[in-house]
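Top line first, the protein sequences correspond to chains A and B. Following the working numbering, the numbering of the first sequence begins with -6 at its first residue and continues without gaps. Following the working numbering, the numbering of the second sequence begins with 3 at its first residue and continues without gaps. We put the beta carbon where it would ideally sit given N, CA and C, even for glycine. Computed from a predicted model, the values in this text were never measured in an experiment.
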Amino acid sequence: KRHLATAVSKRRRSGRDVGVGYMAFSKTVLRWRLIGEGYSSQLSVEEQRYVFRLAFRMWSEVCPLEFIEDTASPLEEVDIRLGFGTGRHLGCKQRFDGSGREFAHAWFLGDIHFDDDEHFTGPNAGKGISLLKVAVHEIGHVLGLPHIHRPGSIMQPSYLPHESSFEVDWMDRKAIQDLYGGCRGRFNTVFDWIRRERTSFGEVVIRFNTYFMRQGWYWLYENRNNRTRYGDPVSLQSGWRGLPLGGVDAFVHVWSRTSDHVYFFKGSQFWRYDSDQDQVFRRDPEGVTYPRLISEGFPGVPSPIDTAVFDRRDGNIYFFKGALVYPFSVDSRRVARGYPRPLRSVFPPLDPRDHPESHLDAAYFSYSHNALFLFKDTSFWQVASVRERRRRPHLPKNSLLPQRQIHEQWFDICNVHPTSLKL
Amino acid sequence: ERLFHQRDHSDLQSLNQHQAQPITDPHTAELFLSKYGFLKPVNWEEFLHEEPDEPDFSFLEFSELNIEEGFATPRSRDANLQNDQKLHDPQFITALRDFQRLSGLPVTGVFDEATKKAMNQPRCGVPDIEAEIADPSPNNTTDKNMDQTSSEVTETGRNPAVRRR
């Protein structure tokens, strides 16, 4: 108890009204360990550690916490300790009851015990008690969530075996985010990737998906579900073959009557992407080899750039660098006359004090919203569309609507710790 | 080694055949309701790492446990009588109703089959209703110069879901 009391300090989270949950770590990187004396006798040690790595990652994907498996530090530096036991176990006063009924318990400061009399199985085993599901539930307790008696919640006290695959659903995400806040951060680029697919009837259809890239990893964002794809982020090289490992500065899709080219930009170079083969061109059908210098492919455009976006209305690629904008005409292959011009004059603010000024992170035309967004830090500005200006004629062309927070429109784009990126 | 016949060990036989005692009568139901906080909120945080108040015979494990829990002894007459009285005990009925409500069962206050089945579901050992955690105000347990351990925590408020009416 003494240790407990000295370890606990209490600070009421400022400006937050009371929500679900009662205690929370104020540290964002937490260390965990499967205790050596507490290995299960039913699964291999590697299986157990894999399941726990996945379970921690699933929480990391929906809140700003990151988890590291720490098998080396002194135990008191490990925040969350997991172990298996039967009956009287691990110095715990709560005795397990054998096979059936109670299968695990946990405490908010970080101890999780599993009853090894239960028949724990790996993910997708389809029988027994899924160790992954139980682990995600118990970690929820450690992070501060109580039991939530809501069908579909991972924090329900009883185990429901018939749910084959489970994920942290919307309400549970809000519950944990009520304790730790939403995920915020800057992005290197955001884009809708359009590709042609052939249906089973042989018809060609055009599909698109939204991607957020940050350094060497990316998320597919499912707009209709208001969340990222389950299991994202993944590393860049696993999904975008041939791109620089450290990420890109910009994505441009030149899509016009005469051209359908996808380009990625990084530093002084750019690549053309083969959407059919899902990898970068080494040599494109016109015989051009990549990567190429930006100065060669887009004369008059400086590098590195901050970001870029293709505007189908005027056929220009708008390159952004610092406080300047360089519209590059794809047809005439040169920067438009009278440019570069300041970002503020090309994209004027509605409120003089509400403008990104310079060094944008991303310029993103969203087919879901049919709107152009300018990203900088954790904020974004929507460029007033033609329809908007029809409604409000006094709006200047390309004027920026008031800024908003990225995480309030695109939800749960969360980092995971690099050590669990490859799961 | 635990006995198995399937290559993937999916039919692993449990070594000890130690089964949790099922909930079969009002007495065991009352233990269940008490354990998970339906009779009285449980101060769950007190349960971690308490020194056992009786000698630690864990190496004996199973046989000792059976005896200690006492379920195996033949039921005495007054136990039956007690069970009947429990069924009419207002506190027991209220706790049962709370459990039925949280479990999405018909709220009858009657210890029926559906309730029995729900109580016997595999479940987490953390109580459903916890007592409010004592508020160690900063000035008597922690002072500003204390070294923060790696597990700093903040309280964000009480969980309304566990508040008892």
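Selection Leu414(A), His140(A), Ile399(A), Asp108(A) evaluated against Thr182(A) yields Ile399(A) as nearest (Cα-Cα).
Residue-level contact by beta carbon fails for Arg99(B) and chain A, as no gap is shorter than 8 Å. The beta carbon of Ile122(A) falls within 8 Å of a beta carbon belonging to chain B, placing the residue at that interface.
Taken through DSSP and simplified to helix, strand or coil, Pro320(A) comes out as strand.
Against chain A, a Cβ distance below 9 Å from Gln23(B) picks out Asp90, Gly91, Gly93, Arg94. Within chain A, His98, Ala99, His134, His140 have C-beta atoms less than 7 Å from the C-beta of Val128(B), given in sequence order.
Ranking Asp347(A), Ile28(A), Ser228(A), Gly290(A) by CA distance to the CA of Leu75(A) puts Ile28(A) first.
For Ser359(A), the enclosing beta strand (DSSP E) has its first and last residue at 355 to 359.
DSSP, reduced to helix, strand and coil, places Met148(A) outside both helices and strands of the structure shown, so it counts as coil.
Taking 8 Å as the upper bound for CB-CB distance, Gly91(A) and Asp110(A) are in contact here, some 5 Å apart.
For the pair Val273(A) and Tyr283(A), the CB atoms are nearer than the 8 Å cut-off. For Tyr32(A), no CB of chain B lies under 8 Å from its own CB, so it is not counted at the interface with that chain.
Excluding its 5 nearest sequence neighbours in each direction, Pro24(B) has C-beta neighbours in its own chain below 8 Å: Thr30, Asn122, listed in chain order. Val129(A) places its beta carbon less than 8 Å from that of Ala48(A).
With contacts defined by Cβ atoms closer than 8 Å, Pro226(A) and Glu132(B) do not form a contacting pair. Counting along the chain, Gln102(B) sits inside no beta strand (DSSP E); it lies in the alpha helix (DSSP H) bounded by residues 92 to 104. When Cβ-Cβ separations below 8 Å define contact, Ala316(A) makes no contact with chain B.
As a beta-bridge residue in DSSP terms, Asn202(A) pairs with Trp186(A). In the three-state DSSP reduction, Asn309(A) falls in the strand class (E or B). Beyond the five residues adjoining it in sequence on each side, Gly115(A) comes within less than 6 Å, by CB distance, of Glu40 in the same chain, given in chain order. In the DSSP secondary-structure assignment, Lys369(A) is bridged to Ser372(A).
Of all C-beta pairs linking the region 325 to 344 of chain A to the region 378 to 393 of chain A, three or more are shorter than 8 Å, placing the two stretches in contact.
Its chain contains Leu35, Phe40, Leu41 as the residues whose beta carbon lies nearer than 7 Å to that of Ala97(B), once the 5 sequence neighbours on both sides are disregarded; these appear in chain order. By the C-beta density criterion, Pro129(B) is buried, having at least 16 other C-beta atoms within 10 angstroms. In this structure, Val55(A) sits near Ile169(A), with a CB-CB distance shorter than 8 Å. DSSP places Asp253(A) within a strand segment (E or B) once states are collapsed to three.
Taken through DSSP and simplified to helix, strand or coil, Ile131(B) comes out as coil. Our two residues, Pro108(B) and Thr117(B), have alpha carbons roughly 9 Å apart in a direct line.
Rounded to the nearest whole angstrom, the CA to CA distance from Phe244(A) to Leu236(A) is 11 Å.
Here the alpha carbon of Glu30(A) sits roughly 15 Å from the alpha carbon of Gly80(A). A straight line joining the alpha-carbon of Asp10(B) with that of His106(A) spans about 25 Å.
Under the DSSP assignment, Asp27(B) falls outside any alpha helix (DSSP H); it carries neither an H nor an E label. Spanning the alpha carbons of Asp347(A) and Asp370(A) requires a straight line of approximately 14 Å. In the three-state reduction of the DSSP assignment, His400(A) falls in the helix class, which pools H, G and I.
Around Tyr152(A), the beta-carbon contacts reaching into chain B at under 7 Å are Gln123, Pro124, Arg125.
By the neighbour-count criterion, in which 16 or more other beta carbons inside 10 Å mark a residue as buried, Phe194(A) falls on the exposed side.
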